[in-house]
Amino acid sequence: MMSNFMASYKLILRELRKISDKDDFYFKPIVPKLSDIELISLIILAEFKSIDSEYQLFRELKNTELENKIERSVYNRRKRKLFSYMEQIRSKMVDAFNEFENYFVVDSMPLEVCKLSRSNRSKICKEQDYALPNKGFCASQNLHFYGYKLHAVCSIEGVFQSFDLSPASVHDIHYLKDIKLQISDCVLLGDKGYLSQKVQVDLFTQASIELETPKRKNQKDYKPQYYQFKKYRKRIETLFSQLCDQFMIRRNYAKSFEGFKTRILAKITTLTTIQYINKFVFKRNINNLKVNLV
11 MMSNFMASYK
21 LILRELRKIS
31 DKDDFYFKPI
41 VPKLSDIELI
51 SLIILAEFKS
61 IDSEYQLFRE
71 LKNTELENKI
81 ERSVYNRRKR
91 KLFSYMEQIR
101 SKMVDAFNEF
111 ENYFVVDSMP
121 LEVCKLSRSN
131 RSKICKEQDY
141 ALPNKGFCAS
151 QNLHFYGYKL
161 HAVCSIEGVF
171 QSFDLSPASV
181 HDIHYLKDIK
191 LQISDCVLLG
201 DKGYLSQKVQ
211 VDLFTQASIE
221 LETPKRKNQK
231 DYKPQYYQFK
241 KYRKRIETLF
251 SQLCDQFMIR
261 RNYAKSFEGF
271 KTRILAKITT
281 LTTIQYINKF
291 VFKRNINNLK
301 VNLV
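In this note's numbering, the protein residues as written are 11 to 304.
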């Protein structure tokens with residue numbers, strides 16, 4: 011088991027080193043034993059193995075060559091500092107997949123930070139005024155919740171192109187204002203929550219994005235959505251299910267917003283890394299995520 015853990019770690023590290031042009035990303039007065047790229051590989055491996063607590067991770071590191079390379083108190087601090095660099099690595103992997111992609115799917119999912127009954131006295135994620143959690147409603151799950159929404163765009167192959175977090179009360183359609191800065195010249199498939207003539211015209215004129223949503227039955231020019239588009243839209247729902255099931259995205263141990271967003275990015279980066287290794291190393295189905303890497 012331990013040799014499998016280290017072999018998986020070395021495989022992830024080798025692939026990340028091919029993507030990244032350096033091992034350390036920011037200045038540190040004392041050079042650490044574990045480089046930044048090695049730390050990112052460890053974060054990705056922990057998420058892949060569904061090791062969701064630091065205590066458990068550091069138990070796994072006992073009797074391995076990583077045991078004395080990093081202290082638990084430093085791990086989390088460095089993990090948060092590596093947020094933007096982790097996103098750069100993820101973007102490079104995504105470019106390898108989605109360079110010639112013409113169809114994308116947009117959707118959102120709720121991310122609770124605590125139960126509604128505790129929301130008034132909860133101090134979680136309240137240290138930043140620009141990103142306070144609040145109460146919202148998820149129509150697809152008929153669920154009132156307290157926290158954030160994860161908005162995401164993925165290709166029909168199943169690779170997350172981009173994502174963002176917003177407080178729970180923010181309507182899905184507001185995310186589309188940011189999308190035109192990230193993708194262009196493509197078809198974007200969404201559910202009825204993204205239905206808006208004004209946004210549709212804006213996306214097409216600004217970035218040549220054709221927004222395709224199913225029409226409501228009481229609309230004047232109603233016709234059923236093309237069957238293949240319905241099938242494509244299921245792709246992002248499957249990805250969200252995988253994030254909830256294997257990567258336990260709904261389980262929150264973070265106390266600050268910095269910690270919360272870093273956890274979410276780590277889980278999505280891990281999913282993309284496994285897809286990348288499946289395609290470019292093992293030449294197998296990219297969405298076969300519950301496999302042993304070695």
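Virtual Cβ for every residue (Gly too), placed ideally from N, Cα, C. Treat the numbers as computed from the prediction; the structure is a model and nothing was measured.
Look at the beta carbons and you see the segment 58–74 not touching the segment 103–113: under three pairs across the two are nearer than 8 Å. Close CB contacts of L160 within its chain, under the 7 Å cut and outside five residues either way in sequence, are with S118, M119, L121, F173, L175 and I274 (chain order).
When DSSP states are grouped into helix, strand and coil, H181 belongs to the coil group. Runs of the beta strand (DSSP E) lying entirely within the segment 197–229, each at least 3 residues long, are 219–222 in chain order. Burial check for L92: the Cβ neighbour count within 10 Å reaches 16 or more, so the residue is buried. With a beta-carbon spacing of about 7 Å, Y19 and L52 fall inside the 8 Å limit used to define contacts. E57 is classed as buried because its beta carbon has at least 16 other beta carbons within 10 Å across all chains shown.
Boundaries of the beta strand (DSSP E) harbouring N144: N144 to C148, taken from the DSSP string.
By the neighbour-count definition (other C-beta atoms within 10 Å, threshold 16), L221 is a buried residue. In the DSSP annotation of this structure, K38 is not part of any alpha helix (DSSP H), being labelled neither H nor E.
Secondary structure at S18: helix, using DSSP grouped into helix, strand and coil. By a beta-carbon distance limit of 8 Å, I22 contacts I54. Their separation comes to about 5 Å.
In the DSSP assignment, S83 falls within the unbroken alpha helix (DSSP H) covering R82 to K91. The distance from the Cβ of V104 to that of V169 is about 6 Å, consistent with a contact at the 8 Å cut-off. Assignment of alpha helix (DSSP H) within the segment 60–140, counting only whole runs of 4 or more residues, yields 64–70, 82–91 and 93–108 in chain order.
In the structure shown, K159 falls within a strand segment according to DSSP collapsed to helix, strand and coil. Here the alpha carbons of Y242 and L199 stand approximately 8 Å from one another. Boundaries cannot be given for I166, as no alpha helix (DSSP H) includes it and DSSP labels it neither H nor E. Assignment of beta-bridge partners to D174 by DSSP yields H161.
Distance from the CA of V209 to the CA of K225, rounded to the nearest whole angstrom, comes to 15 Å. If you compare the alpha carbons of S266, F270 and K277 with that of F250, the shortest gap goes to K277.
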